[in-house]
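A.B. asks: If you scroll down you'll find the structure; I have some questions about it.
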Amino acid sequence: MDKLAMEASSSSKKCDDPSWFGLLIMMDERQSSREAQLRREREERKAAREERERPFRLEMAQSQRSRNEHNQQMMLMVTAKLFGVQPPMNDTEN
């Protein structure tokens, strides 16, 4: 047991050694730097992906607007036929 106690006390002295403390600080700084680098790379990939997807999103939004407009016109026509009234003319046809 005395040998274990001596090793424990000597290992605690080693942890108090400034060179060990410096090494731990350096390792922590490296880890923080690596994490920051990984975050930047992840953000860059995300920005690049969003830039690539932007034209498709715009196209999909335009397509959705066209579908909505078409559906609205169809509903007006159906409603007009049901109630026997003349549907209003589109602004483009005037």
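Following our numbering, the numbering of the sequence shown begins with 24 at its first residue and continues without gaps. Backbone N, C-alpha and C define an ideal beta-carbon position, used for all residues, glycine too.
Can you look up GLY107 in the DSSP assignment and give me helix, strand or coil?
C.D. replies: As a working note, residue 107 is residue 84 in the sequence shown. In this structure, GLY107 counts as coil in the three-state DSSP scheme.
A.B. asks: Quick check: what's the CA-CA separation for ILE48 versus LEU61?
C.D. replies: Your numbering for residue 48 matches position 25 in the sequence shown. Your numbering for residue 61 matches position 38 in the sequence shown. Approximately 20 Å, taken between the alpha carbons.
A.B. asks: To the nearest angstrom, report how far apart SER86 and ARG63 are at their CA atoms.
C.D. replies: Within the sequence shown, numbered from 1, the residue matching residue 86 stands at position 63. Within the sequence shown, numbered from 1, the residue matching residue 63 stands at position 40. In a straight line, the C-alpha of SER86 is about 34 Å away from that of ARG63.
A.B. asks: Have a look at LYS69 and GLU76 and give me their C-alpha separation to the nearest angstrom.
C.D. replies: Mapped onto the sequence shown, residue 69 falls at position 46. Mapped onto the sequence shown, residue 76 falls at position 53. In a straight line, the C-alpha of LYS69 is about 10 Å away from that of GLU76.
A.B. asks: Write down the C-beta distance between MET109 and ALA103 rounded to the nearest angstrom, noting that I regard them as a contact closer than 8 Å.
C.D. replies: Sequence index remark: in the sequence shown, residue 109 carries index 86 (1-based). Sequence index remark: in the sequence shown, residue 103 carries index 80 (1-based). Per the sequence shown, the amino acid found at residue 109 is Gln instead of Met. Right, the Cβ-Cβ distance comes to about 7 Å (below 8 Å), so this counts as a contact.
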